[in-house]
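Q: There's a structure below that I have some questions on.
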Amino acid sequence: MATKPAASTAVEATLKASWLPLAIIVLAQLQMGININALPVSLGPIVEDLNAPATSISTALVLYSLFVAAFVMMGAKIGKMFGERLVFQVSAVGHGAAMALMAISTDARMMNIAQSVAGIAAALLVPTLVVLIAANYRGRQQEQSLGILASIPAVASGLTFVIAGYIATALNWRFSFGLIFIISLVVLFLSFRMKSVPRQKGISIDFVGVVLSALSVALILFGFNNLNAWGIVLAKPAAPISILGLSPVPFMLLIGVVLGQAFFAWSERRVAHKKTPLLALEVLDSSEERNAVYAFLVAGG
Numbered sequence: 008m009a010t011k012p013a014a015s016t017a018v019e020a021t022l023k024a025s026w027l028p029l030a031i032i033v034l035a036q037l038q039m040g041i042n043i044n045a046l047p048v049s050l051g052p053i054v055e056d057l058n059a060p061a062t063s064i065s066t067a068l069v070l071y072s073l074f075v076a077a078f079v080m081m082g083a084k085i086g087k088m089f090g091e092r093l094v095f096q097v098s099a100v101g102h103g104a105a106m107a108l109m110a111i112s113t114d115a116r117m118m119n120i121a122q123s124v125a126g127i128a129a130a131l132l133v134p135t136l137v138v139l140i141a142a143n144y145r146g147r148q149q150e151q152s153l154g155i156l157a158s159i160p161a162v163a164s165g166l167t168f169v170i171a172g173y174i175a176t177a178l179n180w181r182f183s184f185g186l187i188f189i190i191s192l193v194v195l196f197l198s199f200r201m202k203s204v205p206r207q208k209g210i211s212i213d214f215v216g217v218v219l220s221a222l223s224v225a226l227i228l229f230g231f232n233n234l235n236a237w238g239i240v241l242a243k244p245a246a247p248i249s250i251l252g253l254s255p256v257p258f259m260l261l262i263g264v265v266l267g268q269a270f271f272a273w274s275e276r277r278v279a280h281k282k283t284p285l286l287a288l289e290v291l292d293s294s295e296e297r298n299a300v301y302a303f304l305v306a307g308g
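Here our numbering is used: the first residue of the sequence shown is 8, the next is one more, and so on.
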């Protein structure tokens with residue numbers, strides 16, 4: 008009887024999975040985290056190099072956040088349709104290609120395009136991370152892996168502040184994004200060591216839900232981002248339009264919330280007709296969970 012716990016421990020140790028898949032997943036998350044932190048850290052050198060106003064450079068980061076937040080739910084569906092490992096690989100390379108474009112950007116327009124592409128790639132990449140952890144780990148290892156994954160954004164922020172800050176000052180800001188491109192190639196090369204996740208048959212994308220959620224997120228995100236520049240109530244000179252002297256911000260926020268409610272109503276309608284919604288309605292059972300979903304949409308996951 009006394010030997011059973013020892014035997015069980017020995018078996019568990021033998022079956023313990025390699026930490027390599029987690030290292031690959033962490034690298035992919037660092038790839039995204041370094042990007043969103045390198046841009047503000049390198050803002051001064053970028054403005055000087057491209058001879059562009061800081062606001063136009065900052066727009067690139069807003070576009071990135073917008074595309075991630077707007078399309079992350081669709082990204083989760085695409086992962087199920089084609090298999091999460093394949094989507095992980097394609098999106099990691101796509102994000103890396105966008106970083107290569109960032110590194111050779113000659114103006115703010117190219118940076119905006121690069122960050123838009125990176126945002127779409129990240130929207131595909133983010134949902135695969137947890138699925139791949141679940142596919143490669145069980146029990147205690149899975150819990151540890153999820154905890155490590157949750158800590159990476161803070162780690163990426165600290166690393167980027169030091170590394171990208173030094174590179175932008177001592178060398179050139181472009182090298183930071185070139186480094187991210189190299190990381191993406193390493194991620195692709197190592198990703199074949201992870202377990203393949205089979206595609207799920209019968210998955211379809213609710214495109215009406217995609218449009219409603221994307222518009223809702225876009226309006227809310229742009230509204231909050233321009234609160235100070237355009238005015239909270241009364242329109243400031245920087246506002247693109249004014250409605251009877253009022254700022255467009257409150258109208259954007261109001262329409263965004265209405266479209267968000269329309270998205271939830273549409274999802275409920277699809278469930279009633281035995282169709283799969285973009286977002287599973289089980290997460291909407293309470294007002295707290297619904298508010299959490301709103302926060303998730305705006306934050307981009």
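Backbone N, C-alpha and C define an ideal beta-carbon position, used for all residues, glycine too.
Here the structure is a predicted model, which means the values were calculated and not measured.
#1: Hey, could you find the ends of the alpha helix (DSSP H) residue 143 is sitting in?
#2: Determine the burial state of residue 144: buried for a count of at least 16 other Cβ atoms within 10 Å of its Cβ, exposed for fewer.
#3: Tell me the rounded alpha-carbon separation between residue 210 and residue 271.
#4: Express the C-alpha separation of residue 41 and residue 200 in angstroms, rounding to a whole number.
#5: By the three-class DSSP mapping on this structure, what secondary structure does residue 70 have?
#6: Measure from the alpha carbon of residue 284 to the alpha carbon of each residue in 95, 213, 255 and 229, then state which is nearest.
#7: Please tell me whether residue 37 and residue 159 are closer than 8 angstroms, where the distance is taken between their beta carbons.
#8: Quick check on this structure: which residue in 27, 217, 31 and 50 has the alpha carbon closest to the alpha carbon of residue 179?
#9: Candidates 239, 88, 107 and 81: which alpha carbon is nearest residue 191's?
#10: Do you know offhand how far residue 81's Cα is from residue 286's?
#11: From 269, 35, 66 and 26, pick the residue whose C-alpha is nearest to that of residue 117; which is it?
#12: Pick helix, strand or coil for residue 253, following the three-state DSSP scheme.
#13: When we look at the beta-carbon of residue 280 and count the other beta-carbons within 10 Å, is it buried (16 or more) or exposed?
#14: Using the Cα positions of residue 54 and residue 122, report the straight-line distance between them to the nearest angstrom.
#15: Mind checking residue 62: buried by the 16 CB within 10 Å criterion, or exposed?
A: Considering the structure as presented:
#1: Here residue 143 refers to the residue found at position 136 of the sequence shown. Its alpha helix (DSSP H) spans residues 115-143.
#2: For the purposes of this step, residue 144 is taken as the residue at position 137 of the sequence shown. Here residue 144 is buried, its C-beta having at least 16 other C-beta atoms within 10 Å.
#3: In the sequence shown, residue 210 corresponds to position 203, counting from 1. In the sequence shown, residue 271 corresponds to position 264, counting from 1. Spanning the two alpha carbons is a distance of roughly 19 angstroms.
#4: Taking the first residue of the sequence shown as 1, we reach residue 200 at position 193. Taking the first residue of the sequence shown as 1, we reach residue 41 at position 34. Their Cα atoms are separated by approximately 24 angstroms.
#5: Position 63 of the sequence shown holds residue 70. The answer is helix: DSSP assigns residue 70 an H, G or I state.
#6: The residue you call residue 284 lines up with position 277 of the sequence shown. Nearest of 95, 213, 255 and 229 to residue 284, Cα basis: 213.
#7: What you label residue 37 is simply residue 30 of the sequence shown in a count that begins at 1. What you label residue 159 is simply residue 152 of the sequence shown in a count that begins at 1. The answer is yes: Cβ separation under 8 angstroms.
#8: For the purposes of this step, residue 179 is identified with residue 172 of the sequence shown, where counting begins at 1. The residue with the shortest Cα to Cα distance from residue 179 is 50.
#9: Position 184 of the sequence shown, counted from the start, is the residue given in the question as residue 191. Minimum Cα distance to residue 191 is reached at 107.
#10: In the sequence shown, residue 81 corresponds to position 74, counting from 1. In the sequence shown, residue 286 corresponds to position 279, counting from 1. Going by the C-alpha atoms only, they are around 9 angstroms apart.
#11: Working through the sequence shown from its first residue, we reach residue 117 at position 110. Of 269, 35, 66 and 26, the residue nearest in Cα terms is 66.
#12: The sequence position of residue 253 within the sequence shown is 246, counting from 1. Here residue 253 sits in strand by DSSP.
#13: Locating residue 280 in the sequence shown gives position 273, where the first residue counts as 1. Residue 280 should be labelled exposed.
#14: Counting from one through the sequence shown, the residue named residue 54 turns up at place 47. Counting from one through the sequence shown, the residue named residue 122 turns up at place 115. Their backbone Cα atoms lie some 16 angstroms apart in a straight line.
#15: Your numbering for residue 62 matches position 55 in the sequence shown. With fewer than 16 other Cβ atoms within 10 Å, it is exposed.
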